[in-house]
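> So that we are looking at the same thing, I have put the structure below in C-alpha cells.
Protein chains in written order, with our numbering: chain W, 4 to 435; chain Z, 7 to 336.
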C-alpha cells in the first residue's frame, strides 16, 4: 500500500468518498463496486483482523470438535472397560457366595464332604483370587479396595480352613469357625464388594451417558456465527453479498457439525439402548447369581441352626426376592425349581423331620436342591458372560469412527481456515 | 522447475500431515488424561462396640432352697402340657449343639448328642415310648433359653442351665440332675494359676449366663468378654482375643478336649452350678413329669450310664445323680 493509500484509508470519516483507495495520482477515481466507504476505516487492518477471527474460529471449531470426538471414543472404550470390571467384580461376589454355599452345605453332611463339593469350593476360591488380581490390573482406582478385599478373603478362607480342620477331628468348634467365616463374608467382605460394585457401575453408566450431541453442536454453531459475522462485515465493506472463501468455510463447518452431531446423537441413542439392554441384563443377572448363592448358604445355615434359623430364613427370603427381581426369564425358571425344593426342606424341618430336611438339602442327586441351585448358577453365569460380551462388543465395534471423524474434522477444519484466508486474501488483492 | 514445484508441494503436504498427526495426538492425550477416575472409596470398618459384658448383678436369693422343685406326680402324665405334646407328636427341646459332651453335633454323624441330650431322650421315651422320631431338638443360645420358654415356643430347655432364684421368678425347673461348678480354662504356660491372677486379664463367658456375673463378683478386676456361646469363647481363646474362659467345668472339659494348649484349673470351684431342666412357669405338670422320669433314671441306672459315657472320661471323677429336693408348689 502506498503512503497515499494509507493516508486515504486512515482519513477522518468526513473525508470525501471520491478520494478513495487506489488514487495514487491525485486524479479523482470513480468509486468502484468492491470498495464501499473505504475511507472511513483502515480496511487492510480490518481485513487482517477478520482473517484472524475467521481462521481462529475454524481452528478452534476443528480442535474442539475433534477433542469432543476423541472424548466420545474414549468414553466408549472406558464404558466397555468399566462394564467388564463391573462384571468381574460381581463375578467375585457371586463366586464367593457360591464358595460359602458349598462350605456351609458340606458341613451339614455327617463325616467328610463329597469330594466334588470340596473341589468345587477350591475352584471357586482359586477363581476369586485370579479375578481379584485381574481386577487390580484392570482398574488402578479399585486397587486399595481390592487389597482390602484380598485380605478379607484370606481371613474368610483361613477361618473356613480352621472350621474344616476342626471338623475333621470331630471337634464341634469347627462349626463355630464356619459360622464365623460366613459372618465375616457378610460383615467384612460384602461392604467391600458393594463399594466396588457401586463405583464401577457408576463409572460404566457415566461413560455410557458421556456422548453429548448438544455439546458437539456448540463449537460448530459458534464457528458458523463467527464466519457469518465476518462475511457480513466483508459484504458491507466490499458491497458483495457473499465472500466465496468464507462461504466455503461456512459450508464446510456446517457439514462437519452436522456429521459430528448426527454421529454423536446416534451413538448416544445406541448407548442408551445398550444401558437398558445387554448391560442391564448382565448387571441384574450377576446380582441374581449372588443372591441365589446367598440363599443356598442361608438354607444351610438355617439347618445348621436346627430349629433356631428364623434369621437365616429371613435372609433366604430377602435373597430370593433379589433373585426374582433380577434374574432373566431363562434363569428364573431354574430358580423356581430350586425354590420349590427349598420350600420342601423347610416343611420337613418344621414338621420335626430334621434329618430328612438335611438329607434333602445336602443330596447331590440331580433332583435335589443342591443340583437345582448348581443348574441355576451355571445358567446364570453363562447369561452374565453373554450379555456382558454383547455390551462390550457393541461398545468397541465401530468406535473407531470417532477417531476417523476427529481426523477428518481437523483436516477439513484446517481447510475451512484456508478457505477463509483465501477469501479474505482475494478482497485484500482487490483492495490493493 | 515443475519438479521443484512438486517437491515443494510434497514438503508442504508432509508438514501438514505431521501437524495433523501432532494435533490428533494432542487431542487424544488431552482426552485420555482427562478421564482419570477417583479412587474407589474404601468403606470404613464398622466401629462395633467392644464385645464386653455390662456389669451384672449377682443373684441374691437363698441358694439353699433354689433347687427345690415340684414333687413327682402320677397324674402329671395326664396333664394339659403332656397332652399338648402328645397331640403335636413330638417333644420340642431347646439344646446346645456346641457344648462338647453335653450337647453337640457329632461331625461324623451329623447328630446332636451328649449328656443333656440323653436327658431329653429319656423324657421323650417316657412320653412316646421311644425317642427316635419323637424329639425336635432346637439349637438355642444361652440367652434364648428363658425368652423361648416364656414364649412357650419350646417345651423344655436341656442346656446346662443353672437353677437359681432369679430364674425361678421367670420359669420353672425340674429337680437338679447334675451338680457342676464354674472354673477357669487358661492357656498352658500363661502363668494364671488361680482366680487371683485374673486381675487385668480377659475372661470370656457366653452372654446371658450366670458365669459372667460370677467372674465379676469373684474377680472384679478381670475384664469380661462375651461370646454368643461357649464354643465362641473357644474361638476367641484360640485367636488370642481372651486370656481365659470361665464357665461350668462340664463345658470346660469339652472345650479343653478340643484344644491341646488349653488347661482347666481344677483346684477351685468358683461357684456351685446345679443343673435343672427349664420349663415354662405355667407348666408345673410337665415339671412333675420330668422329675418322675429322673427318679426312674436313678432307679434303672440310666443316669449313671450316661454320666459314665459322656462326662466321667473328661472330668475324671466319680459322680452320682444329685438327690432331688422337693417341696415347692406350682
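Glycine included, C-beta positions come from ideal geometry on N, C-alpha and C.
Who are the Cβ neighbours of residue 375(W) in its own chain at under 6 Å, not counting the five residues just before and after it?
Within the first chain, residue 375(W) is the residue found at index 372, counting from 1. Only 340, 341 and 344 meet the Cβ criterion.
> Let me know if residue 40(Z) comes out buried or exposed under the rule of 16 or more other beta-carbons within 10 Å of its beta-carbon.
The count along the second chain starts at 1 and reaches residue 40(Z) at position 34. Note on residue 40(Z): pLDDT 46, under 50, position unreliable in the model; the coordinate value appears next. Residue 40(Z) comes out exposed.
> Identify whether residue 186(Z) lies in helix, strand or coil by the three-state DSSP scheme.
The sequence position of residue 186(Z) within the second chain is 180, counting from 1. Residue state, collapsed to three classes: strand.
> Under a three-way DSSP split, which group does residue 89(W) fall into?
Translated into positions along the first chain, residue 89(W) becomes position 86. Helix at residue 89(W).
> Short of 7 Å Cβ to Cβ, which residues in the region 138-152 of chain W face chain Z?
144, 145, 147, 148 and 151
> Indicate whether at least one CB of chain Z lies closer than 8 Å to the CB of residue 179(W).
The residue you call residue 179(W) lines up with position 176 of the first chain. Yes, residue 179(W) lies at the interface with chain Z (some Cβ there is under 8 Å from its Cβ).
> Using beta carbons (cut-off 8 Å, strictly below), is residue 262(W) in contact with chain Z?
Here residue 262(W) refers to the residue found at position 259 when the first chain is read from its first residue. No, no contact with chain Z.
> What residues in its chain sit with their C-beta under 6 Å from that of residue 64(Z), if we drop five residues either side in the sequence?
As a first step, residue 64(Z) must be located in the second chain, where it is residue number 58. Confidence at residue 64(Z) is low in this model, with a pLDDT of 36, below 50, so its placement is unreliable and the value that follows should be read with caution. Only 219 and 223 meet the Cβ criterion.
> Less than 8 Å between the C-beta atoms of residue 181(W) and residue 153(W), yes or no?
What you label residue 181(W) is simply residue 178 of the first chain in a count that begins at 1. What you label residue 153(W) is simply residue 150 of the first chain in a count that begins at 1. Their beta carbons are not under 8 Å apart, which means residue 181(W) does not touch residue 153(W) by this criterion.
> Using a Cβ-Cβ cutoff of less than 8 Å, which residues in the same chain neighbour residue 74(W) once the five nearest sequence positions on both sides are dropped?
Looking up residue 74(W) in the first chain gives position 71. Only 213 meet the Cβ criterion.
> Taking three-plus beta-carbon pairs below 8 Å as touching, is the region 95-111 of chain W in contact with the region 67-86 of chain W?
The region 95-111 of chain W, when compared against the region 67-86 of chain W, does not touch it at the 8 Å Cβ threshold.
> Against chain Z, which members of the region 303-323 of chain W pass a CB distance test of less than 9 Å?
307, 308, 309, 310, 311 and 312
> Quick check on the burial criterion: 16 or more other C-beta atoms within 10 angstroms. Buried or exposed for residue 29(W)?
For the purposes of this step, residue 29(W) is taken as residue 26 along the first chain, with counting starting at 1. Because residue 29(W) sits at a pLDDT of 35, beneath the cut-off of 50, its placement in the model cannot be relied upon, and the point is left open.
> For residue 185(W), which residues of its own chain have a beta-carbon under 7 Å away from its beta-carbon, when the five flanking residues on both sides are left out?
To locate residue 185(W), count along the first chain from 1; it is residue 182. Closer than 7 Å at the Cβ level, and outside the excluded window around residue 185(W), lie 103, 107, 300 and 304.
> Against chain Z, does residue 174(W) count as a neighbour if the rule is that its beta carbon must be under 8 Å from one of theirs?
Looking up residue 174(W) in the first chain gives position 171. Chain Z, which has a Cβ nearer than 8 Å to the Cβ of residue 174(W), makes this yes.
> Output needed for residue 382(W): all residues of its chain with C-beta closer than 8 Å, excluding positions within five of it in sequence on either side, in chain order.
Locating residue 382(W) in the first chain gives position 379, counting from the first residue. So the qualifying residues of the chain are 333, 334 and 337.
> Quick one: which chain W residues come within Cβ less than 7 Å of residue 45(Z)?
Indexing the second chain from 1 puts residue 45(Z) at position 39. 144 and 147, listed in chain order.
> State yes or no: is the C-beta of residue 188(Z) within less than 8 Å of the C-beta of residue 272(Z)?
Your numbering for residue 188(Z) matches position 182 in the second chain. Your numbering for residue 272(Z) matches position 266 in the second chain. Result no, Cβ atoms of residue 188(Z) and residue 272(Z) do not sit closer than 8 Å.
> To which residues of the same chain is residue 198(W) closer than 6 Å at the C-beta, ignoring the five residues directly before and after it?
As a working note, residue 198(W) is residue 195 in the first chain. So the qualifying residues of the chain are 148.
> Go ahead and label residue 237(W) buried or exposed: buried means 16 or more other beta carbons lie within 10 angstroms of its beta carbon, across all protein chains shown.
Within the first chain, the letter at position 234 stands for residue 237(W). With 16 or more Cβ atoms within 10 Å of its Cβ, residue 237(W) is classed as buried.
> From residue 158(W) to residue 166(W), what does the alpha carbon distance come to, in whole angstroms?
Residue 158(W) sits at position 155 when you count from the first residue of the first chain. Residue 166(W) sits at position 163 when you count from the first residue of the first chain. Going by the C-alpha atoms only, they are around 12 Å apart.
> So if I threshold CB-CB distances at 7 Å, which residues from the region 195-220 of chain W count as touching chain Z?
Correct list: 195, 198, 199, 202 and 206.
> How about the region 298-310 of chain Z and the region 154-171 of chain Z: do they share at least three Cβ pairs that are nearer than 8 Å?
Contact between the region 298-310 of chain Z and the region 154-171 of chain Z is absent: fewer than 3 CB-CB pairs across the two stretches fall below 8 Å.
> Pick helix, strand or coil for residue 71(Z), following the three-state DSSP scheme.
Taking the second chain and counting its residues from 1, one reaches residue 71(Z) at position 65. Three-state result, residue 71(Z): helix.
> According to DSSP, simplified to helix, strand and coil, what is residue 68(W)?
Position 65 of the first chain holds residue 68(W). Three-state DSSP puts residue 68(W) in a helix.
> I want to see whether chain Z comes within less than 8 Å of residue 79(W), judged by CB atoms only; does it?
Position 76 of the first chain, counting from 1, holds the residue named residue 79(W). At a cut-off of 8 Å, the C-beta of residue 79(W) has no neighbouring C-beta in chain Z.
> To the nearest angstrom, report how far apart residue 349(W) and residue 366(W) are at their CA atoms.
Taking the first residue of the first chain as 1, we reach residue 349(W) at position 346. Taking the first residue of the first chain as 1, we reach residue 366(W) at position 363. Spanning the two alpha carbons is a distance of roughly 15 Å.
> Checking contacts by CB at 8 Å: is residue 157(W) closer than that to chain Z?
Within the first chain, residue 157(W) is the residue found at index 154, counting from 1. It does not; no Cβ of chain Z falls within 8 Å.
> Can you look up residue 185(W) in the DSSP assignment and give me helix, strand or coil?
Looking up residue 185(W) in the first chain gives position 182. DSSP places residue 185(W) within a helical segment (H, G or I) once states are collapsed to three.
> Report buried or exposed for residue 77(W), applying the criterion of at least 16 other Cβ atoms within 10 angstroms of its Cβ.
The sequence position of residue 77(W) within the first chain is 74, counting from 1. Taking all protein chains shown into account, residue 77(W) has 16 or more neighbouring C-beta atoms within 10 Å of its C-beta and is therefore buried.
> Could you give the DSSP three-state label for residue 159(Z): helix, strand or coil?
On the second chain, position 153 is the one that residue 159(Z) refers to. The answer is coil: DSSP assigns residue 159(Z) none of H, G, I, E or B.
> Run through DSSP, which three-state label would residue 65(Z) get?
As a position in the second chain, residue 65(Z) is number 59, starting the count at 1. With a pLDDT of only 38 at residue 65(Z), under 50, the local geometry of the prediction cannot be trusted, and the value read off the model is given with reservation. Coil.
> Check the Cβ of residue 112(W) against every Cβ in chain Z and list those closer than 9 Å, keeping chain order.
For the purposes of this step, residue 112(W) is identified with residue 109 of the first chain, where counting begins at 1. Residues of chain Z passing the Cβ test: 116.
> Would you mind giving the Cβ-Cβ distance between residue 156(W) and residue 192(W), rounded to the nearest angstrom? I have them listed as a contact below 8 Å.
For this step, residue 156(W) is matched to residue 153 along the first chain. For this step, residue 192(W) is matched to residue 189 along the first chain. Contact holds; Cβ gap of about 6 Å.
> Could you give the first and the last residue of the continuous alpha helix (DSSP H) run that contains residue 282(W)?
Within the first chain, numbered from 1, the residue matching residue 282(W) stands at position 279. Counting along the chain, the alpha helix (DSSP H) containing residue 282(W) begins and ends at 281-308.
> Return the residue from the list 196(Z), 165(Z) and 48(Z) that minimises the CA-CA distance to residue 212(Z).
Residue mapping note: residue 212(Z) aligns to position 206 of the second chain, counting from 1. If we check each option's Cα against that of residue 212(Z), 165(Z) comes out closest.
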